Structures are given as structure tokens and as C-alpha cells.
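*Asks:* Sending over a structure as C-alpha cells; questions will come in a sec.
Protein chains: 2
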Amino acid sequence: MTSNPIRPRATIREVAAAAGVSMGTVSRVAGGSTRISEVTRARVLAAMKDLSYQPNAAARAMRTNISKTVGMLVPDLGCPVFVRMIAGVKEVLAQNGYMLFTFSSESEVSQEITFLQAARQRQLDGLIVSVVDETSAETARELQMMGVPIVVVDREIKLDADRVFVEHTQAMEALMAQLIAMGHERIGFVTAALNRPGRLRVAAYRNALQRAGITVDPDLMRTDGAGRGAAYGTSETYDLLTNGAAPTALIAAGSDFFFGALKAVRALDLSIPDQLSFVGADDTELAEIAGPPITAIERDMREVGRMAAKLLLDRFAGNALPPRTIIQSSQLVLRKSIGKVQPTRRAPAIKKHVEQTTPAE
Amino acid sequence: MTSNPIRPRATIREVAAAAGVSMGTVSRVAGGSTRISEVTRARVLAAMKDLSYQPNAAARAMRTNISKTVGMLVPDLGCPVFVRMIAGVKEVLAQNGYMLFTFSSESEVSQEITFLQAARQRQLDGLIVSVVDETSAETARELQMMGVPIVVVDREIKLDADRVFVEHTQAMEALMAQLIAMGHERIGFVTAALNRPGRLRVAAYRNALQRAGITVDPDLMRTDGAGRGAAYGTSETYDLLTNGAAPTALIAAGSDFFFGALKAVRALDLSIPDQLSFVGADDTELAEIAGPPITAIERDMREVGRMAAKLLLDRFAGNALPPRTIIQSSQLVLRKSIGKVQPTRRAPAIKKHVEQTTPAE
DNA sequence: CTGTTAGCGCGTTCAG
DNA sequence: CTGAACGCGCTAACAG
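Protein chains in written order, with my numbering: chain A, 31 to 391; chain B, 31 to 391.
Okay, here's the thing in C-alpha cells:
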């Protein structure tokens with residue numbers, strides 16, 4: 031420990047002594063209770079400031095079983111979608127005097143379990159979770175034992191909890207309609223279908239093709255990216271574009287696949303949209319700034335965060351109604367990266383090889 | 031609260047009863063003490079599992095004054111630099127049984143103060159901080175009262191604490207040398223000079239120009255971006271490139287200015303590097319993927335995070351030596367976005383106006 | 001309005 | 001090796 035001239039933190043007892051009142055009185059002032067005479071309150075506040083008193087959260091939590099802290103579990107802090115959601119959650123919680131304890135599981139179930147156990151030890155008052163793998167029984171079991179209100183974000187888990195879902199189907203259908211109208215029939219799709227967002231998008235992809243009378247080519251679907259990050263986007267995109275009949279359009283859904291796929295397209299030196307129509311998802315900044323700007327599916331995750339936090343606060347306030355589900359829309363944002371299929375379109379020649387790409391870190 | 035059939039959390043007392051031993055025995059098993067007979071240990075562990083017992087962190091913290099939790103303060107979770115640092119910190123702390131409590135101040139001193147007070151209440155065992163404004167007396171005062179080991183990352187604050195610094199000067203000088211060698215004399219610079227990284231970069235920028243016998247044009251320096259985010263990058267870049275004699279090269283240091291500046295360049299439809307040499311910093315992904323790939327100053331922030339965490343753990347272990355400072359290098363990564371000044375170079379014509387841009391959120 | 005007191009759950013004595 | 005008892009700092013309940 032660095033040498034520190036500070037004496038140990040002041041306790042409520044010391045404040046009481048300094049102010050010449052009892053501990054109970056100090057406690058009431060700290061708790062913002064009414065029924066305190068203005069003069070004593072002022073004296074107590076002065077003493078607190080004097081000793082730079084901060085109430086001991088552990089003692090308070092032990093006594094009240096309330097920690098004024100909410101836990102938030104996300105799979106990846108590198109994903110802008112979650113960063114924005116965190117901002118929304120924090121905004122609402124801060125207004126209500128709660129702290130947010132954010133944890134990134136780095137897409138590992140084991141880390142997720144560790145966090146949930148730590149959360150239980152620390153008696154977090156509630157949880158907002160976006161789990162890595164909604165099919166994980168281990169995670170589900172842990173969640174069931176939490177014993178505090180939980181809000182699940184865009185995952186389908188059997189659990190007595192409120193939910194905030196995003197509407198993925200409509201935006202995906204709009205996208206497919208757009209691409210099909212432009213003449214695309216071979217549409218590559220790189221994503222992770224493990225959880226709700228991916229599952230719905232894959233379903234919408236298939237439905238749209240079938241409705242248009244286009245045979246679904248399984249080889250164009252690379253939907254096994256769960257936990258594999260940007261590298262999956264790069265390798266699958268490279269493979270799609272260089273082996274056999276290449277797609278004329280490519281959808282990379284999920285910010286890391288978006289990035290990874292774009293990397294492969296750059297390495298192959300394909301021109302967007304002339305040689306390939308390209309669509310991303312979940313990374314507005316990248317979509318705006320890549321040259322050319324890229325059509326993408328986007329959603330207001332900050333608002334999702336706000337809604338999740340509000341659902342939780344509502345439970346804290348004693349609401350005991352059955353679980354609710356809120357649905358937030360998503361949008362297809364058209365930019366310059368998609369275009370009509372060229373009549374004479376052929377598979378792009380292989381220009382050069384992609385260096386073996388590993389995830390960003 | 032959602033109806034929950036779970037009975038309240040098991041206490042150490044219940045575990046003791048279930049295992050037919052005393053509380054003290056359970057505590058010793060939980061604490062991993064030796065000197066426990068194998069049979070009783072097994073019985074206790076079985077009971078703990080049975081009741082899915084998790085020790086009450088509040089009670090433990092109250093008793094021991096150790097929370098096994100480290101706090102981390104960053105200005106912005108949207109900045110990849112901090113996200114990577116967090117990953118590094120978490121990696122090392124997790125290996126040592128510590129949890130990480132990350133807080134983003136959203137570049138607001140007031141939020142920073144709130145966090146530091148909350149940290150004191152929760153008796154976090156140590157802190158890793160990257161403050162918004164190293165000149166804030168309020169923040170400094172709060173930090174001095176923490177009473178726990180602190181590691182400061184790339185900020186100059188008068189404080190009895192360990193430090194991890196990044197070497198900014200060399201990379202910046204290398205960059206300037208490169209640009210000057212390419213014939214650039216009018217080099218625009220958009221950044222925030224409030225804290226250590228910006229200050230050092232600005233100093234290196236001036237020095238390099240002076241050493242090359244080039245007059246420093248203050249109008250080319252837009253170094254007042256602190257707290258203004260990407261919008262500052264966009265508006266200043268637009269202004270630089272459209273008013274008066276435009277620079278032939280532009281450096282946007284800081285991930286948000288990088289993004290914002292690139293946005294303005296795109297809006298003006300300038301071709302990189304033909305019409306403008308462009309250099310970024312701190313956002314490797316964007317630099318790699320923008321068309322064309324962009325020369326940038328980069329640093330291994332994950333390693334910075336690891337080092338910060340190790341310094342802290344060292345203090346926890348009782349190291350009482352005077353404060354140490356560790357320095358991490360940074361690199362200039364050359365990509366295709368810079369080139370020689372065209373002999374016939376003129377200020378680019380104004381092509382169109384930039385829409386009024388607000389920060390990403 | 002204010003003072004007093006009894007635990008919250010745990011880790012750490014100190015006796016056995 | 002095990003059990004019993006104390007108190008960490010605080011809040012709530014009750015007395016005055």
C-alpha cells in the first residue's frame with residue numbers, strides 16, 4: 031500500500047461524537063429522513079463534511095439487504111450495440127441513485143457463471159442480462175437462483191423475468207425484399223444463429239427467399255459464428271467469395287462479422303457495390319464511415335437500455351405483476367453499398383490471398 | 031419483485047446446521063483453510079452445494095475490510111482504447127480472484143466524483159483511473175481521500191500513486207518526420223490537448239515543425255476538443271479544409287476525432303491520399319477498414335491494462351516501495367492514407383456542405 | 001424530535 | 001481439529 035497519511039474512514043459513531051448527537055440521529059440525516067430539526071441536521075452535515083464521511087455500503091447492505099447496485103451482463107464490450115445499451119441503462123439508473131456494475135463475459139459461459147455467483151454474493155438488487163448462449167442450462171440454472179428481479183435483453187430463456195426484445199424480422203425482410211428487387215438471387219449471409227437475434231434473422235432470410243421462389247442454397251449461409259468473432263466473418267466471407275459460384279450480395283449481421291467480412295472484401299479488392307452489394311448490421315459508425323457508406327440494419331440500443339432499466343426500477347418499487355415483454359423496433363438504413371445485379375455479372379477473380387486473420391486482440 | 035419460489039439465500043449458519051458442524055468450521059472450509067479433517071470438509075462442501083450457498087460479500091467485507099473488488103474509471107466506453115485496457119485489467123484481476131467494477135464518466139467530472147464517492151462507500155480495494163481532466167482539483171481531492179492504492183493511467187496528477195504512462199512523443203515525431211519528408215508543410219492537427227497524451231502530442235508536433243524550419247501556423251491546430259467528441263473532429267476538419275489555405279495533411283488524434291474528421295473528409299468527397307494525406311490514432315479497427323487503410327498511431331492498451339492491474343496487485347501484496355512509473359511504447363503504423371505532396375497542389379474546392387453533425391448518440 | 005439498543009452474516013479470536 | 005462468543009458499521013424499532 032502506498033504510504034497514506036489518511037486515518038481510516040470515519041464511522042457513523044465518530045460523526046455522532048463530533049456533532050454531539052447520537053448515532054441514530056446521524057443515520058437519519060444520512061438517510062434523508064424528515065423529522066429532524068434543521069439545527070441538528072446542519073450540525074450533523076457539517077460534521078460529515080468535516081470528516082469527509084461516506085457511509086459504509088457493506089454495513090448498510092448487511093442491515094437492509096439493499097445494495098443500490100444493479101448488475102449488467104453483456105458478452106462483449108467491443109460491440110457498439112452493448113456499449114450503447116450500457117449507456118442507456120446507466121442514464122436511467124443514475125437518475126434513481128443506483129450504481130451499475132457492468133461485466134463482460136468475453137463470450138465465455140464460464141465467465142458468465144463466475145459473474146452471476148459474484149452478483150449473488152454481493153446482493154446486487156437486480157440484473158440486466160444479455161447472455162452468451164441462451165441454450166446454456168448452466169446459465170439458466172444460475173439465473174433462476176438469483177432471487178432478485180432480472181431483465182433479459184433479446185434472449186429467449188425460460189425464466190420468470192421481464193424482457194426487452196428487438197424486432198429483427200421486419201428489418202431483415204425489408205432488406206431481403208430490397209436485394210431481391212435489385213435482382214440478387216445469390217445472397218451470402220454471415221452471422222451467428224445461436225441466439226434470438228440470429229435465429230430470427232436466419233428465419234427471415236429463408237422465408238424471404240422461399241416467398242420469392244428462390245431456392246435456399248445452404249452453402250451461402252454461414253451462421254455458425256457464435257463466439258468466433260471477426261475472424262469468422264473474414265474467413266467465411268473469403269471462402270464465399272472465392273470458392274465456386276460467389277454471391278452477388280453479402281449480409282454480415284453482427285458488428286464483429288460486419289468488420290471481419292469487410293476486411294475480407296477489402297483484401298479481395300472488390301469494389302462495393304459494383305462487384306458486390308454489401309450489407310452490415312449493428313455498427314452504425316463503421317457503416318457510416320467505410321468507403322462507400324454501407325447499408326445496415328440498426329437499432330436504438332440506448333433506448334433498449336433505458337427500457338430495461340425502467341422495468342427493473344419498477345420491480346424495485348414493488349410491482350408484482352406477471353413478467354412483461356417490451357419490443358423495440360429496428361431499421362434498415364439504406365446507403366450506397368448495394369446496387370442492381372450487373373447483367374454480365376461473374377464471380378470475381380481471386381486477386382490475392384487474405385492474410386491469416388486473427389481477432390482484433 | 032417477480033414472484034420467486036426461492037427461499038432467501040442460505041447463511042453460514044444454515045450450512046453449519048445442515049452439515050452438523052459449527053459456523054466456525056464452515057467458515058474455515060470456505061476460506062480454504064487447511065487443518066480441517068477430510069471428512070468434515072467433504073460434509074461441509076456437500077451442504078454448501080446443496081443449499082447453493084454463496085458467502086455474503088457485505089458481511090465478509092465488513093469484517094475484513096476487503097471487498098476483493100477493484101474499481102476502474104474511464105472517460106468513455108465508446109473509445110476502443112479504454113475497452114482494450116479494461117480487457118487487460120480484467121484478465122489479470124480475474125486470475126487473482128478479483129472482480130472489476132468499471133465506470134465510465136461520460137467525460138463529465140461530476141460523474142467522476144460520484145463514482146469515487148461510491149467507490150469509497152463500497153470499500154473497493156484499489157482503483158485504476160483515467161480521469162477526464164487531469165487539472166480538476168475536485169477530482170484530485172477525491173482521489174487523495176480514497177485511502178486505497180491507486181494506479182493512474184496516462185494522466186499527470188499530483189498523487190501518491192503508481193502510474194502507467196504511454197510514450198507518445200516518439201511516435202508523433204516519427205509521424206511528423208514522415209509527413210515532412212513527403213513535402214508536407216501545412217499539417218492540420220485535430221485533437222484534445224487537455225491531458226497528458228494530447229499535451230505531449232501537441233508539443234511533439236510543434237517541435238518537429240520548428241526543427242524542420244517550418245513556421246507553426248496556430249490556425250492549423252485545433253486542440254480544444256476535450257469533451258466535445260466526434261462532432262468537434264467533424265466541424266474543425268470541415269473548417270480547416272474549406273476556409274483559407276487548406277492543409278495538405280491532417281492528423282486526427284483520438285478515436286472520436288479520428289472518426290469525426292474522417293466523416294468530414296467523406297462529406298467533402300476528398301480522395302485520400304491524393305487530395306489529402308490523412309492520419310488517425312487510437313482506433314485500429316477503423317484505420318484498418320476505412321477505404322483506403324489509414325496510417326495511425328497505435329498502442330497496446332491491453333498490455334497497459336495488464337500492467338496497471340499488476341501494479342495494484344503488488345500493492346495488495348504489501349509492497350510499500352515509493353510510487354513507480356511504467357512506460358509503454360506506442361507505434362506509428364504506416365498505411366496507404368499518406369503520400370507525397372502534389373507539386374500543383376491547391377486547396378480543394380468546396381464540394382458540398384457537411385450536414386450539422388452531432389455526436390454518434 | 002432524539003437517544004438507546006439489538007442484531008444483519010461473517011471471520012476471528014480463544015477455549016476446549 | 002472444533003465450538004462459542006464477540007464485534008465490524010449500520011438501520012430500525014422502541015423509549016423517552
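Virtual Cβ for every residue (Gly too), placed ideally from N, Cα, C. Only a predicted model underlies this, so the values are computations on that prediction, with no experimental measurement involved.
Excluding sequence positions up to five away, which residues of its chain have a Cβ less than 6 angstroms from the Cβ of residue 180(B)?
*Replies:* Taken in chain order, the residues that qualify are 157, 191.
*Asks:* Could you tell me whether the Cβ of residue 291(A) comes closer than 7 angstroms to any Cβ of chain B?
*Replies:* No, its Cβ sits nowhere closer than 7 angstroms to a Cβ of chain B.
*Asks:* How should residue 370(A) be labelled, buried or exposed, when 16 other C-beta atoms within 10 angstroms of its C-beta is the threshold for buried?
*Replies:* Residue 370(A) is exposed by the Cβ-count criterion.
*Asks:* Considering only the beta carbon of each residue, do residue 100(B) and residue 358(B) sit closer than 7 angstroms?
*Replies:* For residue 100(B) and residue 358(B), no; Cβs fall outside 7 angstroms.
*Asks:* Whose C-alpha, out of 346(B), 334(B), 372(B), 306(B), is nearest the C-alpha of residue 366(B)?
*Replies:* Nearest option by C-alpha distance: 306(B).
*Asks:* Compute the distance between the beta-carbons of residue 209(A) and residue 279(A), then report whether it is under 7 angstroms.
*Replies:* Result yes, Cβ atoms of residue 209(A) and residue 279(A) sit closer than 7 angstroms.
*Asks:* Does DSSP put residue 326(A) in a helix, a strand or coil?
*Replies:* If DSSP states are grouped into helix, strand and coil, residue 326(A) belongs with the strands.
*Asks:* Taking just the CA atoms, how far does residue 273(B) sit from residue 246(B)?
*Replies:* Going by the C-alpha atoms only, they are around 18 angstroms apart.
*Asks:* Assuming residue 42(A) is part of the alpha helix (DSSP H), what are its boundary residues?
*Replies:* Note, residue 42(A): alpha helix (DSSP H), 42-49.
*Asks:* Would you say residue 131(A) reaches chain B, if we count a Cβ-Cβ gap shorter than 7 angstroms as a contact?
*Replies:* For residue 131(A), the answer is yes, since a Cβ of chain B falls inside 7 angstroms of its Cβ.
*Asks:* In this structure, does DSSP put residue 258(B) in helix, strand or coil?
*Replies:* Of the three classes helix, strand and coil, the one that applies to residue 258(B) here is coil, per DSSP.
*Asks:* Cβ closer than 8 angstroms: which chain A residues qualify as neighbours of residue 142(B)?
*Replies:* Per Cβ cutoff of 8 angstroms: no residues; residue 142(B) is ~13 angstroms from chain A at best.
*Asks:* Taking the C-alpha atoms as reference points, what is the distance between residue 376(A) and residue 323(A)?
*Replies:* Note that residue 376(A) has pLDDT 49, beneath the 50 cutoff, so the model's placement of it is unreliable and the number below is only indicative. Each residue's alpha carbon lies about 24 angstroms from the other.
*Asks:* Mind listing, in chain order, the continuous beta strand (DSSP E) runs of no fewer than 3 residues lying wholly within the region 170-243 of chain A?
*Replies:* Entirely contained in the region 170-243 of chain A, the beta strand (DSSP E) runs reaching 3 residues are, in chain order, 180-183, 192-196, 217-220.
*Asks:* Who are residue 280(A)'s beta bridge partners in DSSP?
*Replies:* Per DSSP, 218(A), 308(A).
*Asks:* In chain B, what lies closer than 8 angstroms to residue 281(A) by C-beta?
*Replies:* Under the 8 angstroms cutoff, chain B gives no residues; its nearest Cβ is about 17 angstroms from residue 281(A).
*Asks:* Examine the Cβ distances between the region 145-163 of chain A and the region 299-313 of chain A and report whether three or more of them are shorter than 8 angstroms.
*Replies:* Not touching, per the Cβ criterion.
*Asks:* Using only alpha-carbon positions, find the residue among 290(A), 114(A), 46(A) that is nearest to residue 331(A).
*Replies:* With distances taken between Cα atoms, residue 331(A) lies closest to 114(A).
*Asks:* Alpha carbon to alpha carbon, how far is residue 348(A) from residue 34(B)? Give it in angstroms, no decimals.
*Replies:* Interpretation of residue 34(B) is limited by its pLDDT of 40, a score under 50 that renders its predicted location unreliable; no figure is taken from the coordinates.
*Asks:* So which residues on chain A does residue 113(B) lean against when the C-beta distance must stay under 7 angstroms?
*Replies:* Ordered by position in chain A, the residues that pass the 7 angstroms Cβ test against residue 113(B) are 107, 108.
*Asks:* Identify, in the order they occur along the chain, each residue of the same chain with its Cβ nearer than 6 angstroms to the Cβ of residue 256(B), setting aside the five sequence neighbours on each side.
*Replies:* 222, 224, listed in sequence order.
*Asks:* Spell out whether any CB of chain B is found under 7 angstroms from the CB atom of residue 58(A).
*Replies:* Not closer than 7 angstroms to any Cβ of chain B, the Cβ of residue 58(A) fails to qualify, so no.
*Asks:* Out of 356(A), 73(A), 295(A), 320(A), state which residue places its alpha-carbon closest to the alpha-carbon of residue 45(A).
*Replies:* Checked all of 356(A), 73(A), 295(A), 320(A); the closest Cα to residue 45(A) is 73(A).
*Asks:* Note down, in chain order, each residue of its chain lying with its Cβ closer than 6 angstroms to the Cβ of residue 317(A), except the 5 sequence neighbours on either side.
*Replies:* Excluding sequence neighbours, residue 317(A) sits near 310, 324, 326.
*Asks:* Can you find a CB in chain B that lies within less than 7 angstroms of the CB of residue 321(A)?
*Replies:* For residue 321(A), the answer is yes, since a Cβ of chain B falls inside 7 angstroms of its Cβ.
*Asks:* Under 6 angstroms Cβ to Cβ from residue 104(A), same chain only, skipping five residues before and after it: list those, please.
*Replies:* Hits under 6 angstroms: 112, 134, 160.
*Asks:* Is the region 90-99 of chain B in contact with the region 124-144 of chain B, if contact means three or more CB pairs nearer than 8 angstroms?
*Replies:* These segments touch.
*Asks:* At a CB-CB cut-off below 7 angstroms, which residues of chain A make contact with residue 255(B)?
*Replies:* Neighbours of residue 255(B) on chain A: none; closest Cβ ~17 angstroms, over 7 angstroms.
*Asks:* Does residue 359(B) come out as helix, strand or coil in the three-state DSSP assignment?
*Replies:* Coil at residue 359(B), not helix or strand.
*Asks:* Based on Cα-Cα distance, which residue from 213(B), 201(B), 248(B) lies nearest to residue 219(B)?
*Replies:* Considering only alpha carbons, the answer is 248(B).
*Asks:* Would you verify that the beta carbon of residue 152(A) is, or is not, closer than 7 angstroms to some beta carbon of chain B?
*Replies:* Yes, its Cβ sits closer than 7 angstroms to a Cβ of chain B.
*Asks:* Report buried or exposed for residue 95(A), applying the criterion of at least 16 other Cβ atoms within 10 angstroms of its Cβ.
*Replies:* Classification of residue 95(A): exposed, given that the 10 Å Cβ count is below 16.
*Asks:* At the 7 angstroms Cβ level, is residue 102(B) part of the contact set with chain A, yes or no?
*Replies:* No, no contact with chain A.
*Asks:* Counting along the chain, where does the beta strand (DSSP E) carrying residue 101(B) start and finish?
*Replies:* Its beta strand (DSSP E) spans residues 99-104.
*Asks:* Could you pull the DSSP bridge partners for residue 93(A) from this structure?
*Replies:* DSSP, once it has assigned bridges, lists no residue as partnering residue 93(A).
*Asks:* For residue 207(B) and residue 267(B), what's the separation of their Cα atoms in angstroms?
*Replies:* If I take the Cα positions, the gap works out to 22 angstroms.
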